[in-house]
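Structure record follows, encoded as structure tokens.
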Amino acid sequence: MTGLGVEIKGVVKKYGTLKAVDDVSLRVSPGELFGIIGPDGAGKSTLFRMIATLLLPDSGKITIGDRDVVGDYRDVRSVLGYMPGKFSLYQDLTVRENLDFYASVFGTTVGENYHFISDIYRMLKPFEKRLARHLSGGMKQKLALCCSLIHRPQVLLLDEPTTGVDPVSRYEFWEILKRLSADGMTIIVSTPYMDEAYKCSRMAMMIGGKVIKEGTPDDIIAGYNGKLWKVSGREVYGMLLAVKAYCGVVSCDSFGDSLHVVVRDDIEGLRSYLREKGYDDVTVEATKPTVEDCFIELVRDGCSDR
Amino acid sequence: MDAATDNVITARNLTKRFGTFTAVDAISFEVRRGEIFGFLGANGAGKTTAMRMLCGLSLPTSGEGRVAGFDITDEAEKVKRNIGYMSQKFSLYEDLKVWENIRLFAGIYRVPDREIPIVGGAMLKRIGLADVRDNFVRDLPLGWKQRLAFSVAILHRPKVVFLDEPTGGVDPMARRDFWELIYEAAGSGITVFVTTHYMDEAEYCDRVSIMVDGRIAALDTPFELKKRYCTQSMDEVFRTLVRGEGKKGGARL
Chain A
5 MTGLGVEIKG VVKKYGTLKA VDDVSLRVSP GELFGIIGPD GAGKSTLFRM IATLLLPDSG
65 KITIGDRDVV GDYRDVRSVL GYMPGKFSLY QDLTVRENLD FYASVFGTTV GENYHFISDI
125 YRMLKPFEKR LARHLSGGMK QKLALCCSLI HRPQVLLLDE PTTGVDPVSR YEFWEILKRL
185 SADGMTIIVS TPYMDEAYKC SRMAMMIGGK VIKEGTPDDI IAGYNGKLWK VSGREVYGML
245 LAVKAYCGVV SCDSFGDSLH VVVRDDIEGL RSYLREKGYD DVTVEATKPT VEDCFIELVR
305 DGCSDR
Chain B
3 MDAATDNVIT ARNLTKRFGT FTAVDAISFE VRRGEIFGFL GANGAGKTTA MRMLCGLSLP
63 TSGEGRVAGF DITDEAEKVK RNIGYMSQKF SLYEDLKVWE NIRLFAGIYR VPDREIPIVG
123 GAMLKRIGLA DVRDNFVRDL PLGWKQRLAF SVAILHRPKV VFLDEPTGGV DPMARRDFWE
183 LIYEAAGSGI TVFVTTHYMD EAEYCDRVSI MVDGRIAALD TPFELKKRYC TQSMDEVFRT
243 LVRGEGKKGG ARL
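Chains A and B, in that order, are what the protein sequence lines are.
Quick note: the first sequence uses our numbering, first residue 5, plus one each step.
Quick note: the second sequence uses our numbering, first residue 3, plus one each step.
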């Protein structure tokens, strides 16, 4: 399959006085797996809905290949698959009925394109007669993905497809996305999971309706400003409060069983401060930032009104 | 609460069957007062069913449980009155204002009328939402909603609060803000029973159980679990357990 590129140029969408999407320009190449991350209210879903022809931009232009999402919306819909953030299935239809319904809406049949989704649908097949509402989170997401793929789109839009999905199912879901992308499909996906963002070929970070950073995950990480230290010890929450109260701290965030800390001056100051506070089993070592560190840094710098 | 043991939750062979399907298969565990207990598992492992039984919303097929000092079979109504509950899917009424939600839930949980303005006002101030008390909940960012929902769920000072994927879809910054509230609540003596699919959050729990196919496959501190499975992260512990044990049950639902 040859995917289509997506070009977003100077797109603006206002709700009343609020600029939900504020002059966004992005270019996604055919076959890319492109991630969009940002805090809630950043404008990600609004952007998705405009690409999906469901919402008109106030200004700017979005093209899928050479089709304009406003002027050629019918053509666009035939080449586009869209999986919205909220559960998009009909709860009181069975697995198979949902799939048949979506196929018929797009003027095709499940039989015609079955080979295209068979890898995913195989996992759902034993539950064909089950009502969608009785599926677990992971299964629902796989069915929703099948429904958005059944007309063989060249561009796939996924708005937080793995929210509420357990780590193993999430992993499986992303393996499927990587395969589709390797086959040439263009995929744009938003996610609140930073480990997923890292799996994208490129990504954009949105805050307050604007794209404030764009690049490969490694580019984004390379743009991290501070010198990052990992502080580990037994009592993480106690340490978190202690480090936050330390006068030389720039930032301190919990990362699972440790803290990621940036200090103003020498790290020795923090070491002896922690010893004074009675944390003597603490290890402090330099560490590399992750996409999550970058996210936190950008959100902190970018919208102090939160 | 069982005075002798300080346990706020006790489950003994708790079981729930739907027809021939055993959703929860004889699980047993205790949760101590003030503990943050992580209740993990794959989608469809039986977490929600188990949680519904512990909240007095669904009767066990067999086995028994005590929550906040009451029997979940014989005293389900008392259980409901003495716990707090919040989920990612439902927590607050979107088409009511912030303050209306507070009044409604405080009333349901029998906070005396004259106390509602005092405790409600103090709570809003503490979580920094005093300025939006007259806004509709639907207009709040998700992170704010979740903080508000949690604070509303513990406004009546329950012995235990059940949190069903409270941070699903919440961004990394807002998740950290939310966990600070959890720590504060636990520090003040409220027991926290929480499900999550974020494995970094599993690390923030005092103890963690992992459900696989209706059973508790492992239960310990994150530190001990990582040691036992020789891994660096809870993510790997989770994958080892779910992948390893899930096979015999076929595809997970």
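Note that CB positions come from ideal geometry on N, CA and C, so glycine has one too.
With 8 Å set as the bound, which would you pick, yes or no: does the beta-carbon of residue i sit closer than that to a beta-carbon of chain A?
i        : result
B:THR242 : no
B:MET55  : no
B:ALA44  : yes
B:ARG178 : yes
B:ILE206 : Looking at the sequence shown, residue 206 of chain B is not Ile but Tyr. Yes, because at least one Cβ of chain A sits closer than 8 Å to the Cβ of B:TYR206.
B:TYR231 : no
B:SER153 : no
B:LEU144 : yes
B:GLY170 : yes
B:GLU167 : yes
B:TYR245 : A quick correction: the sequence has Arg, not Tyr, at residue 245 of chain B. Judged by the 8 Å Cβ criterion, B:ARG245 is in contact with chain A.
B:PRO174 : yes
B:LEU255 : In this prediction, B:LEU255 scores a pLDDT of 42, lower than 50, which makes its location untrustworthy; the coordinate-derived value is nonetheless stated afterwards. So, interface residue.
B:MET201 : yes
So, is the C-beta of residue i closer than 8 Å to a C-beta in chain B?
i        : result
A:THR167 : yes
A:SER255 : no
A:ILE224 : no
A:PRO61  : no
A:LEU261 : Sequence inspection shows Asp at residue 261 of chain A; the Leu mentioned does not correspond to that position. A:ASP261 counts as touching chain B.
A:TYR241 : yes
A:TYR283 : no
A:SER140 : yes
A:VAL303 : yes
A:SER258 : yes
A:ILE12  : no
A:MET87  : no
If contacts are defined as beta-carbon pairs under 8 Å, then residue i and residue j qualify, I think. What distance do you get, rounded to the angstrom?
i        : j        : result
B:VAL139 : B:LEU98  : 6 Å
A:TYR192 : A:GLY42  : The sequence shown places Ile at residue 192 of chain A, rather than the Tyr named in the question. Contact flag wrong, Cβ pair sits at about 13 Å.
A:LEU147 : A:ASN102 : 6 Å
A:GLY142 : A:SER173 : 3 Å
B:GLY48  : B:VAL81  : Incorrect: roughly 19 Å between the Cβ atoms, too far for contact.
A:LYS48  : A:SER258 : Not a contact, Cβ separation roughly 25 Å.
B:VAL113 : B:VAL121 : 7 Å
A:SER140 : B:ASN45  : 4 Å
A:LEU135 : A:THR98  : 6 Å
A:CYS204 : A:PHE38  : 6 Å
B:THR198 : B:THR169 : 6 Å
Helix, strand or coil, according to DSSP, for residue i in the structure here?
i        : result
A:GLY85  : strand
B:GLY248 : Residue placement at B:GLY248 cannot be trusted, given a pLDDT of 42 that sits under 50; what the coordinates show is reported in the next sentence. Residue state, collapsed to three classes: helix.
A:LEU97  : coil
A:MET127 : helix
A:ILE271 : helix
A:ALA56  : coil
B:GLY189 : helix
B:ASN103 : helix
B:ASN9   : strand
A:LEU161 : strand
B:ASN137 : coil
A:TYR118 : helix
B:GLY122 : helix
A:SER29  : strand
B:SER30  : strand
A:HIS264 : strand
B:TYR231 : coil
A:ARG310 : Residue placement at A:ARG310 is poorly supported in this model, since its pLDDT is 40, which falls under 50; the coordinates are not used for a value here.
Is residue i near the ligand PLP, going by C-beta to nearest heavy atom under 7 Å?
i       : result
A:ASP72 : Questions concerning the ligand PLP fall outside what the structure shown contains, since it holds no ligand whatsoever.
message: Could you check whether the stretch 15-22 of chain A touches the stretch 112-125 of chain A, counting it as contact only if at least three pairs of C-beta atoms, one from each stretch, sit closer than 8 Å?
response: They do not touch, by the three-pair rule.
- prompt: For the stretch 154-188 of chain A, which residues have a beta carbon sitting closer than 8 Å to at least one beta carbon of chain B?
  reply: From the stretch 154-188 of chain A, only GLU164, THR167, GLY168, VAL169, ASP170, PRO171, VAL172, SER173, ARG174 and TYR175 have a Cβ closer than 8 Å to chain B.
message: Whether or not the stretch 183-197 of chain B and the stretch 23-35 of chain B are in contact is what I'm after, with contact meaning three or more pairs of Cβ atoms, one per stretch, closer than 8 Å; do they touch?
response: They touch, by the three-pair rule.
- request: Decide yes or no for the touch test of the stretch 84-93 of chain B against the stretch 165-174 of chain B: beta carbon pairs closer than 8 Å, at least 3 of them.
  value: Cβ pair count under 8 Å is three or more, so yes.
message: Quick test of the definition: if touching needs 3 or more C-beta pairs under 8 Å, does the stretch 62-77 of chain B touch the stretch 210-229 of chain B?
response: No, they do not touch.
- prompt: Given a limit of 9 Å on CB to CB distance, which residues of the stretch 42-68 of chain A reach chain B?
  reply: Under the 9 Å Cβ criterion, the stretch 42-68 of chain A contributes GLY42, PRO43, ASP44, GLY45 and ALA46.
message: Any contact between the stretch 106-114 of chain A and the stretch 56-66 of chain A? By contact I mean 3 or more CB pairs, one from each, below 8 Å.
response: With the cut-off at 8 Å, the stretch 106-114 of chain A and the stretch 56-66 of chain A do not touch.
query: On the three-pair Cβ rule with 8 Å, is the stretch 125-132 of chain A touching the stretch 181-200 of chain A?
result: No, the stretch 125-132 of chain A is not in contact with the stretch 181-200 of chain A.
message: Count Cβ pairs between the stretch 8-26 of chain B and the stretch 45-53 of chain B that sit closer than 8 Å; are there 3 or more?
response: Touching, yes.
query: Is it true that the stretch 78-92 of chain A meets the stretch 157-177 of chain A, where meeting means three or more beta-carbon pairs spaced less than 8 Å apart?
result: These segments touch.
query: What residues in the stretch 86-116 of chain B have a beta carbon less than 9 Å from any beta carbon of chain A?
result: The stretch 86-116 of chain B vs chain A, Cβ under 9 Å: GLN90 and LYS91.
query: Touching or not, the stretch 23-35 of chain A and the stretch 209-223 of chain A, by the rule of three or more beta carbon pairs under 8 Å?
result: Verdict: yes, contact present.
Segment contact, 8 Å Cβ cut-off, at least three pairs: the stretch 169-182 of chain B with the stretch 208-217 of chain B: By the Cβ rule, the stretch 169-182 of chain B does not count as touching the stretch 208-217 of chain B, because fewer than three pairs are nearer than 8 Å.
message: Could you check whether the stretch 267-274 of chain A touches the stretch 246-253 of chain A, counting it as contact only if at least three pairs of C-beta atoms, one from each stretch, sit closer than 8 Å?
response: Taking a cut-off of 8 Å on C-beta distances, the stretch 267-274 of chain A touches the stretch 246-253 of chain A, as three or more cross pairs fall below it.
message: Measuring CB atoms only, is the stretch 286-305 of chain A touching the stretch 227-238 of chain A, in the sense that at least three cross pairs come out at less than 8 Å?
response: Touching, yes, given that three or more Cβ pairs across the two stretches are closer than 8 Å.
- request: Please name the residues in the stretch 47-79 of chain B whose beta-carbon is closer than 9 Å to at least one beta-carbon of chain A, in chain order.
  value: Within the stretch 47-79 of chain B, the qualifying residues are ALA47.
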